[in-house]
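The structure appears right after this line, and notes come after that.
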Amino acid sequence: MTAPSVSSAIAPSSPTLQTLYRDHHRWLQGWLQRRLGNVFDAADLTQDTYVRLIQREPQALGDIRAPRALLATIAQGLAANLYRRRCLEQAWLDTLAAMPASVAESPEHRAILFETLVEIDHLLAGLPLPVRQAFLLSQVDGMKQAEIAAELGLSVPTVKRHIARAVVRVCFAAGDGA
Numbered sequence: 572m573t574a575p576s577v578s579s580a581i582a583p584s585s586p587t588l589q590t591l592y593r594d595h596h597r598w599l600q601g602w603l604q605r606r607l608g609n610v611f612d613a614a615d616l617t618q619d620t621y622v623r624l625i626q627r628e629p630q631a632l633g634d635i636r637a638p639r640a641l642l643a644t645i646a647q648g649l650a651a652n653l654y655r656r657r658c659l660e661q662a663w664l665d666t667l668a669a670m671p672a673s674v675a676e677s678p679e680h681r682a683i684l685f686e687t688l689v690e691i692d693h694l695l696a697g698l699p700l701p702v703r704q705a706f707l708l709s710q711v712d713g714m715k716q717a718e719i720a721a722e723l724g725l726s727v728p729t730v731k732r733h734i735a736r737a738v739v740r741v742c743f744a745a746g747d748g749a
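The letter at position 171 of the sequence shown is residue 742 when you use this note's numbering, and the numbering goes up by one with no holes.
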């Protein structure tokens, strides 16, 4: 006998998921719209929130005690990711606009670079602030380790450890489950 597939175990036809969607979809979309000020982003994030629920363990859906709190928590995280990505995208566009036309990359190459930048940002977001700061001061601002130590009020060996930790996180992310 074969085990049921994962997709059938968490299919959207699950009564629990149907109930959550029916009872809270309108509320969640309104909640997001008030926070985001945009009906389209609210609709997208509402759907993304339910996709996250579908991806959870099937038995976990039946254990939800405070559905609106759970939905709001998931949606808040998605909204934070949206804002973070948009800020990163705007900084990227500003950088591109400041570049001379003679060094402009193809649209495909720019898209690849931006996606890489988003992935690095995601990886760094999982690190403590001093580690991120040391790494960015080193890699983006080109500061020496002694300068970073003075800037952040840390010892040089600590700065070295922070930078090494960030480099490992960024360069070997596929191996750490990040």
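We put the CB at the ideal spot given by N, CA and C, even for glycine. Because the structure is a prediction, the values reported are computed rather than measured.
Across the structure, Val-738 and Arg-681 are spaced so that their CA atoms are roughly 23 Å apart. Just so you know, the alpha carbons of Ala-650 and Gly-608 end up roughly 12 Å apart. DSSP, reduced to helix, strand and coil, places Ser-709 within a helical segment of the structure shown. Take Val-741, set aside five residues on each side of it, and the residues of its chain with a beta-carbon closer than 6 Å to its own are Ile-691 and Leu-694, in chain order. Linking Ala-720 to Glu-660 through their CA atoms gives a straight-line distance of about 30 Å. CA-to-CA, the gap between Asp-634 and Glu-722 works out to about 48 Å.
Between the alpha carbons of Gln-589 and Met-714 lies a distance of about 54 Å. Contact check for Leu-653 against Leu-707 fails: the beta carbons are separated by 8 Å or more. In this chain, the alpha helix (DSSP H) harbouring Gln-618 covers 610-625.
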